[in-house]
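Numbering of the sequence shown is given in my numbering, commencing with residue 1 and proceeding in unit increments. Think of the CB as a built atom: it goes at the ideal place given N, C-alpha and C, for glycine as much as any other residue. Structure record follows, encoded as C-alpha cells.
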Amino acid sequence: MSNADAILQQARNTLKQRKPDEARALFLQAAKLKGIPLTRYLQEARQHMKDANVEEATKAYLKVVDANPTEVEALIGLARGAIYMGMLDEAENYLMGVYRLAPNDPEYYIFQGLLHEARGDLDQALEHLGVAVEKGPDLFLAHFNFGRLLAQFGDIENAFEALVHSTRLDPNSYDAFYILGMVCVKAGQIGDAIAAFNRALEISPNVDIFATLADVLVQAKDFETAINVLNAGLNTCDNHPALLQKAAAVCSQAGLIQNAVEYMEQVVAQVPDYLQVWLNLALYYVLTEDLEKSEQAARRVIEIDPNEWQGYYHLGNLFETVGAYEKAEAEYRKAIKHAPADEYRPLGNLGAVLLEMDDDTKHHESIDVFKKVIEKVPASDWRFHYNLALAYAKIGEKSKVRALIKEIRKGAHPMDEVLDAVNALEENVFSTQDEIRMNQALSSMMWDARRLSSSKPTPKKDDDEEK
C-alpha cells in the first residue's frame with residue numbers, strides 16, 4: 001500500500017470516528033499526494049452550475065466527494081443537482097452528510113427546504129427556509145426562496161420584503177425581479193411590478209418577460225406602452241408567434257382591430273396550420289368588414305380540422321348576415337353535427353334562420369329546434385322561450401304563445417331584456433286583428449330573435465396567451 005493509500009484509509013477511519021476536521025486534513029493530504037486537483041474540480045463544478053449545466057456540475061462534484069467526502073460545498077452541490085433532476089432520495093442522502101459535517105450551515109437549511117418543497121411539504125419547506133434566512137442573512141438563495149414560498153402562502157407583505165432583500169444581495173438575478181414583479185401584481189402595486197419586470201427585462205430579454213410586462217401594462221390601461229414593449233420583444237425574439245398573438249390581443253383591447261389582424265396574419269404565415277388563430281382571424285375579418293377573407297379563414301379552419309364545429313358555425317353566421325339563409329342552414333346543421341353535446345349555439349342560430357325562411361315547414365321545425373335548445377341552456381336563460389313563442393306565433397298557435405309569455409314573465413328576472421321583447425310580441429299577436437298586418441309585424445320582430453338568440457362567437461385567446 002502506498003503512502004497516499006495509507007493516509008486515505010486513515011482518513012476514512014477517522015471520519016467513521018466522527019472526527020470530521022481531522023479526517024478532512026487527511027483526505028486533503030492524500031489527494032495532494034495522488035495529484036488530484038480538487039480545487040480545479042470545484043471551480044469547474046461552480047462554473048457548470050452557474051451555466052445551469054447540472055449534469056456536468058454533478059460529475060465534477062462527484063470527483064471531489066470521491067477524493068474528499070468531507071467537502072461540504074460539493075455535498076451541497078450534489079444535493080442541489082439531485083433536487084433539480086428529481087432524484088430526491090439521493091438529495092436527502094447528500095444533505096444528511098452535510099448535516100453530520102456542518103449542522104449549522106445555512107445552505108443545508110436552504111436545500112432541505114427545497115427538498116421538502118419538491119416533496120410537497122410546504123410547511124416544512126417554509127420552516128427550513130426561515131431558519132436559512134436567520135443563519136445566512138447575506139445568502140441570496142435563502143431570502144429569494146423564502147420570499148417565493150411566502151408568496152405561495154399568500155403572505156404578500158413578508159414575501160415582498162424578502163424578495164426586495166434578495167434583489168439587493170444579487171442585483172442581477174432575473175428570477176428575483178420576476179417573482180418580485182408577480183408579488184407586486186398580487187399586492188396591486190402595479191407601478192412597482194412594472195419596475196421589477198423592466199429590470200428583469202434588462203437582465204434577460206425573453207419571450208415570457210416581454211409578454212408578462214405587456215400584461216401588466218394592459219392591466220394599468222397603458223396599451224400604447226404595452227404594444228411598444230411587444231414590438232421590442234418581436235424585434236428581439238425573431239417575431240415569436242406567442243408575442244404576435246399577445247400583440248393582437250392587446251390591439252383588440254385597445255380597439256385597434258386592423259392592427260390585431262395584421263399581427264395574426266403574421267402568426268399564420270409562420271404557423272400555417274394554427275387552427276385557433278385562423279378562427280380568430282375569421283372573427284376579426286368580420287370586424288373589419290372583410291367578409292370574403294372571413295369566409296376564407298373559416299374554410300381554412302375546416303380544411304385543417306373537418307371536425308371543428310366552429311368553422312361551420314362561423315360560415316353559418318356569415319351566410320346569415322347576407323341573407324343567404326339556405327346556405328346558413330346547411331352550415332349550422334354541419335356545426336350541430338360536430339359540436340359538443342352541450343353546445344347550444346348552432347341549434348339556437350339554426351332555429352332563428354328557420355324562422356327567417358318563407359317556408360311553413362321550416363317554421364314548424366324551428367319549434368322542435370328551440371325545444372332542444374331550451375333543454376341545453378341554463379334555467380335562467382329565457383331567450384329561447386321567447387324564440388319558441390315567436391315560432392308558435394308564426395304558425396298561428398296563439399294559445400301556446402300566451403302560455404309561454406306567462407311562463408317567461410313568471411321566471412325571468414325583472415331586468416331581463418327579454419321582457420321587452422315579450423311585451424312587443426304580445427301586443428302584435430293579440431292586439432292586431434288583421435292577419436296580414438300581424439304577420440308583417442312578426443317578420444319585423446325577427447331582428448329581436450336574432451339579437452336575443454344568435455349568440456355570435458367572440459374572439460378567443462389561445463391557451464399560451466393566458467399565462
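Tell me whether residue i is buried or exposed, calling it buried when 16 or more other Cβ atoms sit within 10 Å of its Cβ.
{"i": "D463", "result": "Bear in mind that the predicted position of D463 carries a pLDDT of just 45, short of 50, making it unreliable; the figure below should be weighed with that in mind. Burial call: exposed."}
{"i": "R300", "result": "buried"}
{"i": "D105", "result": "buried"}
{"i": "H385", "result": "buried"}
{"i": "K337", "result": "exposed"}
{"i": "T212", "result": "buried"}
{"i": "F153", "result": "exposed"}
{"i": "T39", "result": "exposed"}
{"i": "G468", "result": "Residue 468 lies beyond the residue range present for the chain, which begins at 1 and ends at 467; the question has no answer from this structure."}
{"i": "S366", "result": "buried"}
{"i": "E224", "result": "exposed"}
{"i": "R18", "result": "exposed"}
{"i": "G113", "result": "buried"}
Using the Cα positions of residue i and residue j, report the straight-line distance between them to the nearest angstrom.
{"i": "A4", "j": "Y99", "result": "28 Å"}
{"i": "P364", "j": "M357", "result": "Reading the sequence as shown, one finds His at residue 364 and not Pro. Cα to Cα, H364 sits roughly 11 Å from M357."}
{"i": "K478", "j": "V185", "result": "The structure shown does not extend to residue 478, since the chain is modelled only from 1 through 467, so no value can be given for it."}
{"i": "A132", "j": "D175", "result": "19 Å"}
{"i": "A393", "j": "E326", "result": "22 Å"}
{"i": "Y94", "j": "E107", "result": "12 Å"}
{"i": "M415", "j": "L355", "result": "26 Å"}
{"i": "L419", "j": "Y178", "result": "51 Å"}
{"i": "N387", "j": "S204", "result": "57 Å"}
{"i": "D238", "j": "D51", "result": "24 Å"}
{"i": "K461", "j": "L243", "result": "Its pLDDT being 47, under 50, K461 is placed unreliably by the model, and the measurement read from it follows with that caveat. Taking the straight line from one Cα to the other gives about 13 Å."}
{"i": "L15", "j": "M96", "result": "14 Å"}
{"i": "D342", "j": "L283", "result": "22 Å"}
{"i": "G351", "j": "F370", "result": "6 Å"}
{"i": "V64", "j": "E71", "result": "7 Å"}
{"i": "R46", "j": "I156", "result": "33 Å"}
{"i": "E427", "j": "R409", "result": "15 Å"}
Identify which residue in the options has its Cα closest to the Cα of residue i.
{"i": "A335", "options": "Y392, N349, Y313", "result": "Y313"}
{"i": "N198", "options": "A232, V131, K221", "result": "A232"}
{"i": "H165", "options": "A187, L141, S399, F153", "result": "L141"}
{"i": "I83", "options": "P103, V64, E55, E71", "result": "E55"}
{"i": "C251", "options": "D360, E343, L217, D238", "result": "L217"}
{"i": "F111", "options": "E92, Q219, E157, Y284", "result": "E92"}
{"i": "T167", "options": "R24, V268, A389, A195", "result": "A195"}
{"i": "V429", "options": "A282, K398, V418, G411", "result": "K398"}
{"i": "G483", "options": "V207, P378, A74, T288", "result": "The structure shown does not extend to residue 483, since the chain is modelled only from 1 to 467, so the question has no answer here."}
{"i": "V401", "options": "V422, E417, D416, A412", "result": "V422"}
{"i": "E417", "options": "A151, F370, D381", "result": "D381"}
{"i": "G188", "options": "F160, E202, P171, R148", "result": "F160"}
{"i": "L281", "options": "Y274, A297, N228, P272", "result": "A297"}
{"i": "E308", "options": "Y332, F319, L163", "result": "Y332"}
{"i": "T236", "options": "F210, E90, K293, L26", "result": "F210"}
{"i": "E44", "options": "F27, A328, K406, L62", "result": "L62"}
For my contact list, residue i and residue j are in at a C-beta cut-off of 8 Å; report their separation, rounded to the angstrom.
{"i": "G348", "j": "V373", "result": "5 Å"}
{"i": "I190", "j": "A220", "result": "5 Å"}
{"i": "A30", "j": "L8", "result": "4 Å"}
{"i": "V267", "j": "V277", "result": "5 Å"}
{"i": "G120", "j": "F146", "result": "Actually they are not in contact, since the Cβ atoms of G120 and F146 sit about 18 Å apart, beyond 8 Å."}
Can residue i be considered in contact with the ligand NAD, in the sense that its beta carbon sits closer than 7 Å to one or more heavy atoms?
{"i": "L38", "result": "Here there are no bound small molecules, and the ligand NAD is not part of this structure."}
Please give me, in chain order, every unbroken run of the alpha helix (DSSP H) with length at least 4 that falls completely inside the region 339-383. 345-356, 360-376
In the region 130-201, which residue ranges form an unbroken beta strand (DSSP E) of at least 3 residues, counting only runs that do not cross its ends? none
Please go through the region 246-286 and give each complete alpha helix (DSSP H) segment of 4 or more residues, from N-terminal end onward. 257-270
Start-end ranges of the alpha helix (DSSP H) lying completely within the region 60-102, minimum 4 residues: 72-84, 88-101
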